[in-house]
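*Asks:* From first to last, the protein sequence lines are chains A, B and C.
FYI, our numbering numbers position 45 of the first sequence as 45, with every residue one higher than the one before it.
If you count the second sequence from 1, you need to add 1000 to reach our numbering.
If you count the third sequence from 1, you need to add 2000 to reach our numbering.
Ideal Cβ placement from N, Cα and C applies to all residues, glycine included.
The structure presented is a predicted model; accordingly, all values stated were derived computationally and were not measured.
Before I ask anything, here is the structure I am working with.
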Amino acid sequence: MPKVRINGIDFEFERGTNLLEAAKFLGIEIPTLCYNEGLSAYGACRLCVVEIAYTNSPNNTKVVSSCTYPVEDNLVVRTHSRRVIQTRRMLLEMYLATCPQSKIIQDLASKWEVKQCRFKVKYEDCIMCGLCVRMCKEQMDARAINYVQRGYKRKITTPFDKKSEVCKLCGGCMYVCPVCQARCQGPQEKEPICNACISENPPCLDAWDDMKCYMDPCAWCEQEKREKVKK
Amino acid sequence: MTKLNSAIDLEKIVKKAKENQHLERPLIVVSSGTCGRARGSEKVFKAFEKTIKANELKDKVNLRDSCCHGFCEAEPNVIIFTNNGKHQKPIFYQKLKPEDVDEIIEKTILKNEIIDRLRYTDPQTNQKYTYFDEIPFYNKQYRLVSGNNVFVDPTNINDYFAIGGYCGLAKALTMKQEDVIAEVKKSGLRGRGGAGFPTGLKWEICRKQKGDEKYIICNADEGDPGAYMDRSLLEGNPHCVIEGIIIGAYAIGAKQGIIYVRTEYPLAIENLKIALDQARKCGLLGENILGSGFNFDIMIARGAGAFICGEETALIASIEGRIGEPRQRPPFPGEKGLWGKPTNINNVETWGTLPIVINHGAEKFAAIGTTGSKGTKIFSLVGKVRNTGLVEVPMGITLKEVIYDIGGGIPEDKAFKAVQTGGPSGGCMPKELLDLKIDYEGLTAAGSMMGSGGMIVMDENTCMVDVAKYFLNFLRDESCGKCFSCREGTQRMYEIVSEITEGKGKEGDIAFLKEVAQMVKDASMCGLGQTAANPVLSTLRYFEDEYIAHIKDKKCPAGVCKALIKYLILPDKCTGCMKCIKACPQNAITGERKKVHKLNQELCIKCGICKETCPFDAIIVE
Amino acid sequence: MSTQEVTIDIDKKEIDKVINIIENYGKKRTALISILQDIQERYLYLPEAAMSEVAKGLNIPLSEVYSVATFFRAFSLVPRGKHTCTVCMGTACHVRGAPRILDEFERRLNIKAGETTKDRHFSLESVNCLGCCAIGPVVVVDKEYHGEMNTNQVEKLIKQYQTKKLEPKKDQNDKT
Chain A
1 MPKVRINGID
11 FEFERGTNLL
21 EAAKFLGIEI
31 PTLCYNEGLS
41 AYGACRLCVV
51 EIAYTNSPNN
61 TKVVSSCTYP
71 VEDNLVVRTH
81 SRRVIQTRRM
91 LLEMYLATCP
101 QSKIIQDLAS
111 KWEVKQCRFK
121 VKYEDCIMCG
131 LCVRMCKEQM
141 DARAINYVQR
151 GYKRKITTPF
161 DKKSEVCKLC
171 GGCMYVCPVC
181 QARCQGPQEK
191 EPICNACISE
201 NPPCLDAWDD
211 MKCYMDPCAW
221 CEQEKREKVK
231 K
Chain B
1001 MTKLNSAIDL
1011 EKIVKKAKEN
1021 QHLERPLIVV
1031 SSGTCGRARG
1041 SEKVFKAFEK
1051 TIKANELKDK
1061 VNLRDSCCHG
1071 FCEAEPNVII
1081 FTNNGKHQKP
1091 IFYQKLKPED
1101 VDEIIEKTIL
1111 KNEIIDRLRY
1121 TDPQTNQKYT
1131 YFDEIPFYNK
1141 QYRLVSGNNV
1151 FVDPTNINDY
1161 FAIGGYCGLA
1171 KALTMKQEDV
1181 IAEVKKSGLR
1191 GRGGAGFPTG
1201 LKWEICRKQK
1211 GDEKYIICNA
1221 DEGDPGAYMD
1231 RSLLEGNPHC
1241 VIEGIIIGAY
1251 AIGAKQGIIY
1261 VRTEYPLAIE
1271 NLKIALDQAR
1281 KCGLLGENIL
1291 GSGFNFDIMI
1301 ARGAGAFICG
1311 EETALIASIE
1321 GRIGEPRQRP
1331 PFPGEKGLWG
1341 KPTNINNVET
1351 WGTLPIVINH
1361 GAEKFAAIGT
1371 TGSKGTKIFS
1381 LVGKVRNTGL
1391 VEVPMGITLK
1401 EVIYDIGGGI
1411 PEDKAFKAVQ
1421 TGGPSGGCMP
1431 KELLDLKIDY
1441 EGLTAAGSMM
1451 GSGGMIVMDE
1461 NTCMVDVAKY
1471 FLNFLRDESC
1481 GKCFSCREGT
1491 QRMYEIVSEI
1501 TEGKGKEGDI
1511 AFLKEVAQMV
1521 KDASMCGLGQ
1531 TAANPVLSTL
1541 RYFEDEYIAH
1551 IKDKKCPAGV
1561 CKALIKYLIL
1571 PDKCTGCMKC
1581 IKACPQNAIT
1591 GERKKVHKLN
1601 QELCIKCGIC
1611 KETCPFDAII
1621 VE
Chain C
2001 MSTQEVTIDI
2011 DKKEIDKVIN
2021 IIENYGKKRT
2031 ALISILQDIQ
2041 ERYLYLPEAA
2051 MSEVAKGLNI
2061 PLSEVYSVAT
2071 FFRAFSLVPR
2081 GKHTCTVCMG
2091 TACHVRGAPR
2101 ILDEFERRLN
2111 IKAGETTKDR
2121 HFSLESVNCL
2131 GCCAIGPVVV
2141 VDKEYHGEMN
2151 TNQVEKLIKQ
2161 YQTKKLEPKK
2171 DQNDKT
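Right, here's the structure in full:
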């Protein structure tokens, strides 16, 4: 069985496990938008990216989506490195500008401390994650909708934009959609970002290259608490 | 066409083909690829046929219809081998018309006289050249692979036999498969499609896979705009590519090959079909090739207009009848490719180079080039350069030598600004880097890449911000659209750069662009997304002052971005001829005959027709 | 005004010819793109009925055929005009002024790239590289290449094809 090192932890996983599942098993949470355990992994949202390298060339790192990358021998994975966090934050900024009305995206932005949105807001209702397509194809076996066109013109629809004869009217596509769920009924900001439920975590990235506070309790947090108590 | 059952049969037919060529007779080779035909080379060829027949010279003079001699600027052209002593070297005549043909037969063929007006004139020095290899364009090249285009009619396999065609294959079939791969590894040949992965190593990975169902693919998608080297090889000498593929198939152990050609190359597809058919009839494809017991055949698959299908996994998806969406690697195509089987994919130029490597030996090939980049590379030298065409040069030659010595420099003596290599995944290099030696690592370190070989020269009237906008527009359209970072990222970068060219750029745009570019580079899955930011990053690296001029001063120094320029009529040059008034589609110019004309800026749409029409250069761009 | 709202379909007789094309390729999924290319060549676009037939013949969902048909630029879902003007927008042509030539075509024909004129006489397309960079900027009209174009020549070129009559197409699939 392939042995990998994730955030310094060595573990053997069954061949065919993807890095996202492997990290989850070890208690490490990686954000996703287009991943669903019951459907095949697609790798469209790019939020689950991690930084990997091989033990024989540890400085030759690359960033890959963890949901589609299989475990391999001699793989070293860092799920919360500086490069990964910066990439995730920029991605979330772009998501906010695309679909600010989605609760899931606002929650993710708060969780990852994205406090600015420098892009022009577009208010679209689809992020092209493909969950609906895969749901329709793999779970419902209807295949009524699919991707159409390519590049910036890409969209998801039925053939010829006509009412589908094979659609089973199951509502599965709406069920899995991460953007369909409207944002919470709480404060309504004029800006695309809400940040109402943001948690104030210490900026440990200033001290280290890897974010430590997914490990509970984090030594840095504990130290800060102790300092506060002393004062 | 006789079926060849052994290497000895091949030797015999090669000898016979050489004899049948009658090289003691004068030979006229007309260049008739797609570019040549666009300028009327078919009519020139027909005129030669007619005149030769009329003068009863059919058995005394050889005429060959070849494709692409590389010097596109001089199309239609002919190379004449007089073969009789007075002119030992081949003669080169350029920019021919059908009317010139009679004179060529009468004077050059029958009397050995040179026709002065058809000689090539160097636009910089005004010196005239008679002989093909003395012309500066050809002089510094090393036409190892593309040079054979002159010696073959692509629709006649006998021409290919006459230059020793398929002898490389015969030699490979006598070697063990591992030895063929070892030879390719020794030569140092690296993939010519862009990434430059060592070919021998790639073959070895595929060969090591278990199972006897393996595939070979020739990537002839050539999507980079401005690059057409593969088209020239496929149109001009398809057999060298076919031979290379069969050698590779033998070494790896594949039974089926596929050549994936883009649909925009109709002549290449036609010539390939003819060549494959002839190779099959001669027993070079099919069962028991040259009596070796090796079975292999090739089919053609057409592209359907998608740049992303040049990427290996997207190409495979397209052959399988699915949309051209790349997939995550590992597993690499060499392990799991077409239909889940081990598949080896190489570029047209790589395949075309292999017969030479096997036939002439790896050491000879490795003797050319630099330590890390062996052999020669074909580039398409285009854009603002005098001698546009396809040039084949040894690795290690400098950019300056290619652009100035071979290319003849910039037309109208304008200032050189940048040269772009690597297509939409590459970058621009400014004049400070003209002494850079061309090789894989050197170009990557400079912020660009080798790519498939497109080399686009830009002058003082090219706006680098507009160039970045052009590439981003290309990429946002060609992206498959799967990865959010690539699809949305290229669109957003395009929007930001677009606004800069419209004078709507603001403080902080450049820093923001760099951040977005870094994210697109890191988060995207395939090569297109990962290199999508290169045009922006490389133009920012060397030409940041142009971006600042657009943002702060709202000016386009090169005079290109419509929103930031004005067309002006110079009062001291305008003669009042009224030509521009008639030409202007918006009626924005008014005036009377012999009086200075006036241009109404509010009606002007900056189309540039007036400037092109004015015979006195009285209209300028500010 | 775009012609995208018009839905033109083929009649029942033609369906047999489409089935023929599918069978010629052995009804294999891998031939999907080749089949669509043959249909495109015959009808100058991909009719809805033809695509449904392809889905049936290859036993794949219509949504997948439609996905492939809209992914690739070579296919058109709207009938193309009698004469197709293709302006090359490759890098070399761009640097030599191709965008101005495309603008001029759009202005003269009153349509945008990718559209067809109301009388279905002209279609305007842009392509990312024809591989003729040396003679750029290049415009191809009905397989005839016109090199070294400039904005002045556009009007003349359009007039040339306005009066030209189309030659009758040779029917390759007609087995009758």
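Using the Cβ count rule (16 or more neighbours within 10 Å means buried), how would you classify Gln106 of chain A?
*Replies:* Numbered from 1 along the first sequence, position 106 holds the residue referred to as residue 106 of chain A. Buried.
*Asks:* Would Ala1254 of chain B be called buried (16 or more neighbouring beta carbons within 10 Å of its own) or exposed?
*Replies:* Looking up residue 1254 of chain B in the second sequence gives position 254. For Ala1254 of chain B, the number of other beta carbons within 10 angstroms of its own is at least 16, and it is reported as buried.
*Asks:* With 8 Å as the threshold, decide whether the Cβ of Ala1523 of chain B is near any Cβ in chain A.
*Replies:* Along the second sequence, one-based indexing puts residue 1523 of chain B at 523. True, the Cβ-Cβ gap to chain A drops below 8 Å.
*Asks:* Alpha carbon to alpha carbon, what distance is there between Gln149 of chain A and Thr2070 of chain C?
*Replies:* Indexing the third sequence from 1 puts residue 2070 of chain C at position 70. Indexing the first sequence from 1 puts residue 149 of chain A at position 149. The alpha-carbon atoms of Thr2070 of chain C and Gln149 of chain A are separated by roughly 5 Å.
*Asks:* Please state the DSSP three-state secondary structure of Gln1256 of chain B.
*Replies:* Reading the second sequence from its first residue, position 256 is the one you call residue 1256 of chain B. Gln1256 of chain B: strand per DSSP, three-state reduction.
*Asks:* Return the bridge partner residues of Ile1079 of chain B from the DSSP annotation.
*Replies:* By 1-based counting over the second sequence, the position of residue 1079 of chain B is 79. Answer by DSSP bridge pairing, in chain order: B:Val1029 and B:Phe1092.
*Asks:* Using a Cβ-Cβ distance under 8 Å, would Arg134 of chain A count as near chain B?
*Replies:* On the first sequence, position 134 is the one that residue 134 of chain A refers to. Judged by the 8 Å Cβ criterion, Arg134 of chain A is not in contact with chain B.
*Asks:* Does the pairing of the stretch 1389-1399 of chain B with the stretch 1269-1278 of chain B give three or more beta-carbon distances under 8 Å?
*Replies:* no
*Asks:* Buried or exposed: Ser1232 of chain B, going by 16 or more other Cβ atoms within 10 Å of its Cβ?
*Replies:* Against the second sequence, residue 1232 of chain B aligns to sequence position 232. So Ser1232 of chain B ends up on the buried side.
*Asks:* Could you check the C-alpha separation between Val50 of chain A and Val64 of chain A for me, to the nearest Å?
*Replies:* Reading the first sequence from its first residue, position 50 is the one you call residue 50 of chain A. Reading the first sequence from its first residue, position 64 is the one you call residue 64 of chain A. Taking the straight line joining both Cα atoms gives about 6 Å.
*Asks:* What number of angstroms, rounded off, separates the C-alpha of Thr2030 of chain C from the C-alpha of Ile2022 of chain C?
*Replies:* Along the third sequence, one-based indexing puts residue 2030 of chain C at 30. Along the third sequence, one-based indexing puts residue 2022 of chain C at 22. Spanning the two alpha carbons is a distance of roughly 11 Å.
*Asks:* Note down, in chain order, every chain C residue with its Cβ under 8 Å from the Cβ of Gln149 of chain A.
*Replies:* Your numbering for residue 149 of chain A matches position 149 in the first sequence. In chain order: Thr2070 and Phe2071.
*Asks:* With DSSP run on the structure shown, which of helix, strand or coil describes Leu33 of chain A?
*Replies:* Locating residue 33 of chain A in the first sequence gives position 33, counting from the first residue. Three-state DSSP puts Leu33 of chain A in coil, outside helix and strand.
*Asks:* Could you give the C-beta distance for Ile1356 of chain B and Lys1140 of chain B, rounded to a whole number, given that I count them as a contact under 8 Å?
*Replies:* As a first step, residue 1356 of chain B must be located in the second sequence, where it is residue number 356. As a first step, residue 1140 of chain B must be located in the second sequence, where it is residue number 140. Contact flag wrong, Cβ pair sits at about 20 Å.
*Asks:* Mind checking if Lys1482 of chain B is an interface residue toward chain A, Cβ cutoff 8 Å exclusive?
*Replies:* On the second sequence, position 482 is the one that residue 1482 of chain B refers to. At least one chain A Cβ lies under 8 Å of Lys1482 of chain B.
*Asks:* Return the residue from the list A:Cys194, A:Ile30 and A:Tyr35 that minimises the CA-CA distance to Gln116 of chain A.
*Replies:* Within the first sequence, numbered from 1, the residue matching residue 116 of chain A stands at position 116. Answer by Cα proximity: A:Cys194.
*Asks:* Report yes or no: is there a C-beta of chain B within less than 8 Å of the C-beta of Ala2113 of chain C?
*Replies:* Locating residue 2113 of chain C in the third sequence gives position 113, where the first residue counts as 1. Output row for Ala2113 of chain C: interface = no.
*Asks:* Is there a C-beta anywhere in chain B that falls below 8 Å from the one on Ser2063 of chain C?
*Replies:* Here residue 2063 of chain C is taken as the residue at index 63 of the third sequence, counted from 1. No - not a single Cβ of chain B is within 8 Å of the one on Ser2063 of chain C.
*Asks:* Based on the DSSP secondary-structure assignment, which residues constitute the bridge partners of Leu91 of chain A?
*Replies:* On the first sequence, residue 91 of chain A is found 91 positions in, with the first residue counted as 1. BP columns for Leu91 of chain A are empty, so no partner.
*Asks:* With Ala1532 of chain B and Ser1538 of chain B assumed to form a contact (beta carbons below 8 Å), what rounded beta-carbon distance in angstroms separates them?
*Replies:* Locating residue 1532 of chain B in the second sequence gives position 532, counting from the first residue. Locating residue 1538 of chain B in the second sequence gives position 538, counting from the first residue. The Cβ separation is near 12 Å, so there is no contact.
*Asks:* Taking the Cβ atom as the reference point for each residue, do Cys1067 of chain B and Gly1236 of chain B lie within a distance shorter than 8 Å?
*Replies:* Your numbering for residue 1067 of chain B matches position 67 in the second sequence. Your numbering for residue 1236 of chain B matches position 236 in the second sequence. In this structure, Gly1236 of chain B lies closer than 8 Å to Cys1067 of chain B by Cβ.
*Asks:* Run through DSSP, which three-state label would Met1578 of chain B get?
*Replies:* The residue you call residue 1578 of chain B lines up with position 578 of the second sequence. Three-state result, Met1578 of chain B: coil.
*Asks:* With a threshold of 16 other CB atoms inside 10 Å of the CB of Leu92 of chain A, please say whether the residue is buried or exposed.
*Replies:* Locating residue 92 of chain A in the first sequence gives position 92, counting from the first residue. Leu92 of chain A should be labelled buried.
*Asks:* Which chain A residues are close to Glu2104 of chain C, counting only those with a beta carbon under 8 Å from its beta carbon?
*Replies:* The sequence position of residue 2104 of chain C within the third sequence is 104, counting from 1. None at all; the shortest Cβ gap to chain A is about 25 Å.
*Asks:* Could you give the DSSP three-state label for Ala1531 of chain B: helix, strand or coil?
*Replies:* Taking the first residue of the second sequence as position 1, residue 1531 of chain B is located at position 531. Reading off the sequence shown, one finds Thr at residue 1531 of chain B, where the question assumed Ala. DSSP places Thr1531 of chain B in helix when its eight states are reduced to three.
*Asks:* Straight-line CA distance for Pro1571 of chain B to Thr1590 of chain B?
*Replies:* Numbered from its first residue, the second sequence carries residue 1571 of chain B at position 571. Numbered from its first residue, the second sequence carries residue 1590 of chain B at position 590. For Pro1571 of chain B and Thr1590 of chain B, the distance between alpha carbons rounds to 13 Å.
*Asks:* Against chain C, with Cβ distances strictly below 8 Å, would Ala1468 of chain B count as a contact?
*Replies:* As a first step, residue 1468 of chain B is located in the second sequence; it is residue number 468 there, counting from the start. Cβ-Cβ to chain C under 8 Å: no for Ala1468 of chain B.
*Asks:* Counting only beta-carbon atoms, is Val1241 of chain B nearer than 8 Å to chain C?
*Replies:* By 1-based counting over the second sequence, the position of residue 1241 of chain B is 241. Chain C, which has no Cβ nearer than 8 Å to the Cβ of Val1241 of chain B, makes this no.
*Asks:* Quick one: is Gly1337 of chain B buried, meaning 16 or more other Cβ sit within 10 Å of its Cβ, or exposed?
*Replies:* Here the question's residue 1337 of chain B lines up with position 337 in the second sequence. With 16 or more other Cβ atoms within 10 Å, it is buried.
*Asks:* If the cut is a Cβ gap below 9 Å, which residues of chain B does Gln2160 of chain C touch?
*Replies:* Taking the third sequence and counting its residues from 1, the one referred to as residue 2160 of chain C is at position 160. Ordered by position in chain B, no residue passes the 9 Å Cβ test against Gln2160 of chain C, which lies about 16 Å from the chain.
*Asks:* To the nearest angstrom, how far is the alpha carbon of Ser1448 of chain B from that of Gln1420 of chain B?
*Replies:* Residue 1448 of chain B sits at position 448 when you count from the first residue of the second sequence. Residue 1420 of chain B sits at position 420 when you count from the first residue of the second sequence. The straight-line gap separating the alpha-carbon atoms of Ser1448 of chain B and Gln1420 of chain B is approximately 8 Å.
*Asks:* Could you tell me the alpha carbon to alpha carbon distance between Leu1284 of chain B and Leu1528 of chain B, rounded to whole angstroms?
*Replies:* Locating residue 1284 of chain B in the second sequence gives position 284, where the first residue counts as 1. Locating residue 1528 of chain B in the second sequence gives position 528, where the first residue counts as 1. Roughly 37 Å separates the two Cα atoms.
*Asks:* So, for Asn1473 of chain B: in the same chain, excluding its five sequence neighbours on each side, which residues have a beta-carbon less than 7 Å away from its beta-carbon?
*Replies:* Along the second sequence, read from residue 1 onward, the residue named residue 1473 of chain B stands at position 473. Counting only Cβ-Cβ distances below 7 Å, and skipping sequence neighbours, we find Tyr1494.
*Asks:* Is the shortest distance between the beta-carbon of Gln1328 of chain B and the beta-carbons of chain A less than 8 Å?
*Replies:* Position 328 of the second sequence, counting from 1, holds the residue named residue 1328 of chain B. Gln1328 of chain B counts as touching chain A.
*Asks:* Roughly how many whole angstroms lie between the Cα atoms of Ala22 of chain A and Val4 of chain A?
*Replies:* For the purposes of this step, residue 22 of chain A is taken as the residue at position 22 of the first sequence. For the purposes of this step, residue 4 of chain A is taken as the residue at position 4 of the first sequence. Answer to the nearest angstrom: the Cα atoms are 9 Å apart.
*Asks:* Can you list, in chain order, the residues of its chain with a C-beta nearer than 8 Å to that of Arg15 of chain A? Leave out the 5 residues immediately preceding and following it.
*Replies:* Along the first sequence, read from residue 1 onward, the residue named residue 15 of chain A stands at position 15. So the list reads Met1, Pro2, Pro70 and Val71, once near-sequence residues are dropped.
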